[in-house]
Amino acid sequence: MYAQMVKTGVDKLQSLDEMSARERAFQERIDADKRIEPKDWMPDSYRKTLIRQISQHAHSEIVGMLPEGNWITRAPTLKRKAILMAKVQDEGGHGLYLYSAAETLGITRDQMFEALHSGRAKYSSIFNYPALTWADIGTIGWLVDGAAIMNQVPLQRCSYGPYARAMVRVCKEESFHQRQGYDSLLALSRGTDEQKRMAQDALNRWWWPSLMMFGPPDGESVHSAQSMRWKIKLFSNDELRQRFIDLSVPQAEVLGLKIPDKDLKWNDERGHYDFGEIDWSELYEVVKGNGPCNRERLSERIRAWNEGSWVRDAALAHAEKNIHRASANN
Amino acid sequence: MELDKKLNQPLAEYLKHLGDNTLILAQRLSEWCGHGPVLEEDLAITNVALDLIGQTRLWLGLAADIDDTGGDADSLAYQRDVLDFRNALLVELPNGDFATTAARQFLFDHWQLLALAELSRSSLQPLADIAAKSHKEVRYHTDRSDQWVRILGDGTPVSRERFETALNALWSYTGELFEVKQGDQALIDAGIITDMSLLHRQWRDDITSVLDQASLATPPDEYMQRGGRDGMHSEHLGYLLAEMQFLQRAYPGAEW
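See below:
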């Protein structure tokens, strides 16, 4: 769930009758579960919403490399180091597929970066929390990748072809990451008291922000309704959140960890876990830029981008010279 | 082949040299993760680092077997101090700018490529196997490094100047890679390792042919820094180890 609260630019849902012939044909195609491909006609608002959603997703992958990347140099064994490197590299790869998917909608990667760096484009709020101990790395794999999978598995069937296909590959890797994260927590949970403390502390800090990754309750949101009609969102935020909680509780039990929610209990009637109130004001503050690491994450991205500009200039100049040389030789 | 017991100690030292080179360079490269100049390059640098960590596990694993003190690759990586590390000084130097990282990688890759090709013919089969496996990976690393030399040398006046500065600054750290230490001779005589000094000319020719393509000059061999294989390191290595070994030092004996 790397895209949260994506606006659609519409203020009310249109009925089929209110649509133009082209819009109606487009909606009927989606209703019939046919894929939309880059060269097909699409409403401008569909295109813009997808650009917002996919680029937000891509930015989340790239910014998400930072909290985990900062533990690569401190990973406790060579094996854990290799696993973490491969994982962070996968996240960068996901960013690449997603930027490419978004480019099929008529925007360039540089434009998307510019939107990220200027603060216009968002990335998932979760990456604005710090990774303080080694247990955070396992917990991010278990919960954050776990929450992402909840959302991304259905997106493999979303209406936009390039996005759906990118998700197929992303999901395979994410579920691997989740298992690796869980495995690393399992080692801590079987370890020393200090390691157990580390694992519990990480769960305490990451649990609520992970639930917030699904976004606020959709309620009457016209954007959610429109996205669902376009089939670029397939389940409501609350449905996915509930599914995530139901899966995570028994996993925490196996780890011998306590989920930091005194209201969490199984509800036989609903067939789901009941859980406590989520502090949505925290999510809004983080999205506004007031999370513990917002400034750091963004400034780190901007610094890397600016420091790399002479390298990109050189690569471009070299490629252009090669073209001239090739044409001069012909 | 049955290894003469007298060769254990020099062989373990030599394997630590190979494994420490890859470990420390991987550690440096992984500092780039998330900070590359362009996403593709971010992935490529991490990929090289990942290959080098894989090689480290093999080299240090074999070193630990031969040391026969009950240790393993992890205990060698995480529980030795500066004086016992055997890597060349070149790989522990800070990353600097992208040109410095690219130049260091270019110089190291070409050394590693030659060394591994020779070591893959070692009379000691486990060593030959690791070298052959690693050689396949290093061929890709070298291609990528050569490509960056051409890009930075040919690209813009800024990139050319940065690369030349980096190359000249790093050159004095290359001589050490071709040193033959006292313990090496018996290993060379037994056909276990190669006389690295014999590869120096080939290495300079290889480097020069790539630099030529970007019309860059090969720096002259002047004073060469040395000491890495004797545990005489730069001040930088201590900080690198403090970061890398933090968890193992803070929680001794814990399993991860």
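One line per chain: the protein sequences are A and B, in this order. Each residue of the first sequence is one higher than the one before, starting from 442 at the first, in this note's numbering. Each residue of the second sequence is one higher than the one before, starting from 60 at the first, in this note's numbering. For each residue, glycine too, the CB sits at the ideal point set by N, CA and C.
Between Arg288 (chain B) and Arg145 (chain B), the beta carbon gap of about 5 Å places them in contact (Cβ cut-off 8 Å). Burial check for Asn771 (chain A): the Cβ neighbour count within 10 Å stays below 16, so the residue is exposed. Separation of Asp642 (chain A) and Asp133 (chain B) (C-alpha to C-alpha, rounded to the nearest whole angstrom) is 27 Å. In the structure shown, Ile581 (chain A) falls within a helical segment according to DSSP collapsed to helix, strand and coil. CA-CA distance, Val728 (chain A) to Arg670 (chain A), rounds to 25 Å. Per DSSP, Tyr540 (chain A) is one residue of the alpha helix (DSSP H) stretching across 519-544. In the assembly as shown, Arg682 (chain A) is a buried residue. Its beta-carbon has 16 or more other beta-carbons within 10 Å. Cβ-Cβ distances below 6 Å link Arg488 (chain A) to Leu546 in the same chain, with the five nearest sequence neighbours on each side left out; the list follows chain order. Close partners of Asp213 (chain B) in chain A (Cβ separation under 9 Å): Ala755, Ala758, His759, Lys762, Asn763.
Here the stretch 580-589 of chain A lies against the stretch 620-638 of chain A, with 3 or more beta-carbon pairs under 8 Å apart. Runs of the alpha helix (DSSP H) spanning 4 or more residues and lying entirely within the stretch 119-170 of chain B occur at 132-138, 148-151, in chain order. Within chain B, the C-beta atoms nearer than 8 Å to that of Glu635 (chain A) come from Tyr310, Ala313, in chain order.
Beta bridge pairing from DSSP links Asn735 (chain A) with no other residue. Rounded to the nearest angstrom, the Cβ distance from Leu175 (chain B) to Ala190 (chain B) is 5 Å, consistent with a contact under 8 Å. In the three-state reduction of the DSSP assignment, Trp707 (chain A) falls in the strand class, which pools E and B. Using a Cβ distance threshold of 7 Å, Val269 (chain B) and Asp205 (chain B) count as a contacting pair. DSSP places Tyr564 (chain A) outside both helix and strand once states are collapsed to three, so it counts as coil. Going by beta carbons, Leu537 (chain A) and Leu98 (chain B) fall inside the 7 Å limit.
Around the beta carbon of Gly730 (chain A), fewer than 16 other beta carbons sit within 10 angstroms, so the residue counts as exposed.
For Pro96 (chain B), the chain A residues whose C-beta falls within less than 9 Å of its own C-beta are Ala745, Trp746, Glu748, Gly749, Ser750, Trp751, Val752, Arg753, Ala756, listed in chain order. Residues of chain B with a Cβ closer than 7 Å to the Cβ of Leu507 (chain A) are, in chain order, Gly93. If one requires a minimum length of 4 residues, the alpha helix (DSSP H) runs lying completely within the stretch 237-306 of chain B are 243-248, 259-272, 295-303, in chain order.
The beta carbon of Ser668 (chain A) sits closer than 7 Å to those of Val447, Thr449, Thr490, Lys674, all from its chain and outside the five residues before and after it, given in chain order. In the three-state reduction of the DSSP assignment, Asp679 (chain A) falls in the helix class. For the pair Asp265 (chain B) and His200 (chain B), the CB atoms are not nearer than the 7 Å cut-off. Using a CB distance cut-off of 7 Å, Met526 (chain A) counts as an interface residue toward chain B. Burial is judged here by how many other beta carbons sit within 10 angstroms of a residue's own beta carbon; Gln184 (chain B) has fewer than 16 and is exposed. With fewer than 16 other CB atoms across the displayed protein chains lying within 10 angstroms of its CB, Leu142 (chain B) is exposed.
Non-local beta-carbon contacts of Thr105 (chain B) in its own chain, meaning distances under 8 Å to residues more than five positions away in sequence, involve Leu88, Ser89, Trp91, Cys92 in chain order. With a minimum length of 4 residues, the unbroken runs of alpha helix (DSSP H) contained wholly in the stretch 593-630 of chain A fall at 602-630.
At least one C-beta of chain B is nearer than 7 Å to the C-beta of Leu537 (chain A). In the structure shown, Asp715 (chain A) adopts extended strand secondary structure according to DSSP, grouped into three states.
Among the residues facing chain A, Phe157 (chain B) is included, as its CB has a counterpart in that chain under 7 Å away. Looking from the CA of His535 (chain A), the closest CA among A:Trp512, A:Ala562, A:Gly505, A:Ser665 belongs to A:Gly505.
In this structure, DSSP gives Ile764 (chain A) a helical state, which the three-state scheme calls helix. Straight across, the Cα-Cα distance linking Leu257 (chain B) with Gln171 (chain B) is about 14 Å.
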